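This report refers to the structure that appears directly beneath it.
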Amino acid sequence: PDVEKQLWVVVQARDPTGLVVREKKSTESRELPDKLAIGCVVQEVEQSPPRLHYLRVFGDGPNSGWVNLKIDGRRNLEKLSAKEWHAAKAKLSELRRKV
Numbered sequence: 004p005d006v007e008k009q010l011w012v013v014v015q016a017r018d019p020t021g022l023v024v025r026e027k028k029s030t031e032s033r034e035l036p037d038k039l040a041i042g043c044v045v046q047e048v049e050q051s052p053p054r055l056h057y058l059r060v061f062g063d064g065p066n067s068g069w070v071n072l073k074i075d076g077r078r079n080l081e082k083l084s085a086k087e088w089h090a091a092k093a094k095l096s097e098l099r100r101k102v
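When the letters of the sequence shown are read in order and numbered with this note's numbering, they come out as residues 4 to 102.
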């Protein structure tokens with residue numbers, strides 16, 4: 004990912020299958036059939052609180068779309084630093100080698 008752009012990680016969703024993703028910024032726009040999985044890492048394209056336009060970097064879910072940053076006052080996504088991202092990638096690589 005472009006380290007100049009903010010990375011986010013999905014930390015919770017109302018639906019256990021993941022976070023609802025919409026095609027456009029409007030909450031009335033078409034809901035995409037797949038959801039963004041908890042633990043998924045995305046890169047910010049545009050932020051228009053409470054909405055975030057993203058590109059998927061890692062994990063399961065639509066490649067891009069719009070999501071709610073918060074629902075009922077609880078954060079759906081949290082900021083992830085480039086340092087945290089690189090540490091997570093290194094840990095994943097290590098785990099894959101053990102399998």
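All residues carry an ideal CB built from backbone N, CA and C; glycine is no exception. Here the structure is a predicted model, which means the values were calculated and not measured.
Nearest-angstrom Cα separation, counted from residue j out to residue i
i, j, result
"V45", "H89", "14 Å"
"V14", "K94", "18 Å"
"A85", "E7", "9 Å"
"E34", "L22", "11 Å"
"S96", "A16", "27 Å"
"E26", "D37", "11 Å"
"D75", "P53", "11 Å"
Extent of the continuous alpha helix (DSSP H) run through residue i
i, result
"L95", "A85 to K101"
Boundaries (first-last residue) of the beta strand (DSSP E) holding residue i
i, result
"S67", "S67 to N71"
"V12", "L10 to V13"
Contact test: residue i Cβ vs the ligand COA heavy atom, cutoff 6 Å
i, result
"R77", "With respect to the ligand COA, the structure offers nothing, as it holds no ligand at all."
Whole-angstrom C-beta distance between residue j and residue i, which should lie under 8 Å
i, j, result
"G68", "C43", "About 12 Å separates the two Cβ atoms, so there is no contact after all."
"G64", "A91", "Actually they do not touch by this definition, with Cβ atoms about 17 Å apart."
"S51", "K82", "Incorrect: roughly 16 Å between the Cβ atoms, too far for contact."
"L80", "V12", "6 Å"
Test: residue i CB closer than 7 Å to a CB of chain B
i, result
"K92", "In the structure shown, chain B cannot be found, because there is only a single protein chain."
| field | In chain order, each alpha helix (DSSP H) run of at least 4 residues that lies wholly inside the segment 30–68 | value | Fully enclosed alpha helix (DSSP H) runs of 4 or longer: not present.
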